[in-house]
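Residue numbers (my numbering): 9 to 162.
Positions of the beta carbon are idealized from the N, C-alpha and C atoms, including for glycine.
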């Protein structure tokens, strides 16, 4: 079975929508995700995010897109308690990226994976080492139309 992963790197604030904010503030990223799902036959969306990282006033745009498309969504970044249980030290980026890979092993491919732009090259390499075909769709996606992402949603 061929395993393909499509990768979008971005700033983390682009992954989140602010409850009550105008939809146009995150519409471009949602459209990018939804168009990628449709055009590439995506079966699972994974992302460098945890429920805990969202907080009370934000939501995952990727999760919302997965729900709309009726496909699987997976938060891949371990939360604080999971990091402690996995003995992932603060700042240990490589251990976190390895955990993302572990979480993706048993899901349906093709996968659209969204992570911080600084992780794109390293995570693509990890995937390729696991015999996953990787296509980087965007190594550092940014929306010039979004004003909330850089300031409010962190």
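| Asked | Found |
| --- | --- |
| Supposed close pair residue 145, residue 44 - CB separation, criterion 8 Å | 6 Å |
| Under 8 Å between C-beta atoms of residue 118 and residue 49 | yes |
| Length of the line joining the Cα atoms of residue 12 and residue 58 | 23 Å |
| Residue 36 CB to nearest heavy atom of the ligand ATP below 7 Å | Judged by which ligands are present, the structure shown has none, so any question about the ligand ATP falls away. |
| Rounded separation between residue 83 and residue 56 - CA only | 7 Å |
| Stretch-stretch touch, CB-based, cutoff 8 Å, three pairs: the segment 18 to 29 with the segment 88 to 102 | no |
| Residue environment, residue 104, which counts as buried when at least 16 other CB atoms sit within 10 Å | buried |
| Contacting residues, own chain, Cβ-Cβ under 7 Å from residue 159 (five flanking each side not counted) | Because the pLDDT at residue 159 is just 34, under 50, the model does not fix this residue reliably, and the point stays unresolved. |
| Opening and closing residue of the alpha helix (DSSP H) in which residue 131 lies | 128 to 137 |
| Residues sharing a beta bridge with residue 142, DSSP | 13 |
| Helix, strand or coil at residue 69 [DSSP, three-state] | helix |
| DSSP three-state assignment for residue 33, whether helix, strand or coil | helix |
| Residue 37 to residue 121 span [Cα, whole Å] | 13 Å |
| Proximity to residue 72 [Cα-Cα], best of 46, 24 and 61 | 24 |
| Spatial neighbours of residue 87 in its chain, beta-carbon cut-off 8 Å, leaving aside the 5 residues before and after | 58, 59, 60 and 61 |
| Delimiting residues of the alpha helix (DSSP H) encompassing residue 55 | Run containing residue 55: none in the alpha helix (DSSP H); it sits in the beta strand (DSSP E), 52 to 55. |
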